[in-house]
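Q:
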Amino acid sequence: MLESVLPFTNRDERRGETMHPCMTCGACCATYRVAFHWMETLPEAAGGGVPEALTEPLDAHRLVMAGTKSLPVCCVALAGRIGHRSRCKIYDARPSVCREVMAAGENGQSSPQCDRARAAHGLAPLTPADWQAYARRAQTGPARLAERRIATNDPGRTLRLNKPA
Ligand code: SF4
Ligand code: SF4
Numbered sequence: 015m016l017e018s019v020l021p022f023t024n025r026d027e028r029r030g031e032t033m034h035p036c037m038t039c040g041a042c043c044a045t046y047r048v049a050f051h052w053m054e055t056l057p058e059a060a061g062g063g064v065p066e067a068l069t070e071p072l073d074a075h076r077l078v079m080a081g082t083k084s085l086p087v088c089c090v091a092l093a094g095r096i097g098h099r100s101r102c103k104i105y106d107a108r109p110s111v112c113r114e115v116m117a118a119g120e121n122g123q124s125s126p127q128c129d130r131a132r133a134a135h136g137l138a139p140l141t142p143a144d145w146q147a148y149a150r151r152a153q154t155g156p157a158r159l160a161e162r163r164i165a166t167n168d169p170g171r172t173l174r175l176n177k178p179a
């Protein structure tokens, strides 16, 4: 089952500090109808194709991700809790429309879809400060700290960082 292919793991939790802002959001996956051409389910489509079992027919040529055709919207492939942890269970095979939604402010670009989705779930729009904080955390997150401590010959701290959860 898809649910068990990409579960949340302790490793994900440990990496939480450096997660991309989308991975603590998921609002767009619970706001918009996700419609796309049926050909995106073919095996030769990106990521091996959107799993057809997770879709519903929309019209003669289009499908929708199950859970997004009517209110309340919540895509069947979304795992987690909006505004806390989110993960697309079919990330590599997600529809083209999902690939096109940009997180607001990433690469300096605005994204009204992102802003609207976040607002619909009571989340403030992402700001440059969010991206700066993310970049800082990515530079000083657990993996990087461990690397630095190895490089500075501090085995005590490195061992503590590496102990199992
Ligand atoms: S694109 Fe925006 S709304 Fe969608 S998950 Fe990322 S931050 Fe949230
Ligand atoms: S397929 Fe994935 S990215 Fe697209 S709406 Fe569903 S959970 Fe979100």
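Per our numbering: the sequence shown = residues 15 to 179. For glycine and all other residues, C-beta sits at the position ideal for the given N, C-alpha and C. Predicted, not measured: the structure shown is a model, and the values here were computed from it.
Return the first residue and the last residue of the alpha helix (DSSP H) that Cys-112 is part of.
A: 110-114
Q: In terms of residues, what are the limits of the beta strand (DSSP E) holding Cys-102?
A: The continuous beta strand (DSSP E) containing Cys-102 extends over residues 99-102.
Q: So, at 6 Å on beta carbons, what are the nonlocal neighbours of Glu-101 in its own chain, with the 5 sequence-adjacent residues on each side left out?
A: Rather than Glu, the amino acid found at residue 101 in this sequence is Arg. Correct list, in chain order: Ala-93, Gly-94.
Q: Would the beta-carbon of Thr-90 fall within 8 Å of that of Ala-49?
A: Here residue 90 turns out to be Val, not Thr, going by the sequence shown. No; because the gap between Cβ atoms is not below 8 Å, this pair is not in contact.
Q: Could you check whether the Cβ of Ala-118 sits closer than 7 Å to any heavy atom belonging to ligand 1?
A: yes
Q: Assuming Pro-65 and Ile-104 make a contact with CB atoms under 8 Å, what is their CB distance in whole Å?
A: 6 Å
Q: Tell me whether Met-33 is buried or exposed, calling it buried when 16 or more other Cβ atoms sit within 10 Å of its Cβ.
A: buried
Q: Go ahead and label Leu-68 buried or exposed: buried means 16 or more other beta carbons lie within 10 angstroms of its beta carbon, across all protein chains shown.
A: buried
Q: With respect to the alpha helix (DSSP H) encompassing Pro-142, which residues constitute its N-terminal and C-terminal limits?
A: 142-154
Q: Taking the continuous beta strand (DSSP E) assigned at Ala-67, which residues delimit it?
A: Counting along the chain, Ala-67 falls outside any beta strand (DSSP E), and DSSP gives it neither H nor E.
Q: Within the present structure, is the beta-carbon of Val-48 separated from the nearest heavy atom of ligand 2 by less than 7 Å?
A: yes
Q: Between Val-111 and Thr-45, is the Cβ-Cβ spacing less than 8 Å?
A: no
Q: Are Val-115 and Cys-42 close, meaning C-beta to C-beta below 8 Å?
A: yes
Q: Could you give the distance in angstroms between the alpha-carbon of Tyr-148 and the alpha-carbon of Arg-76?
A: Looking at the backbone, the Cα of Tyr-148 and that of Arg-76 are separated by about 37 Å.
Q: Report, in whole angstroms, the separation of the C-beta atoms of Gly-61 and Ala-107, which I expect to be a contact under 8 Å.
A: Rounded to whole angstroms, the Cβ separation of Gly-61 and Ala-107 is 3 Å, and the two are in contact under 8 Å.
Q: Could you pull the start and end residues of the alpha helix (DSSP H) that Arg-130 belongs to?
A: 126-134
Q: Let me make sure I understand the geometry here. Which of Ala-59, Met-37, Pro-35, Cys-36 has the alpha-carbon closest to that of Pro-109?
A: Ala-59
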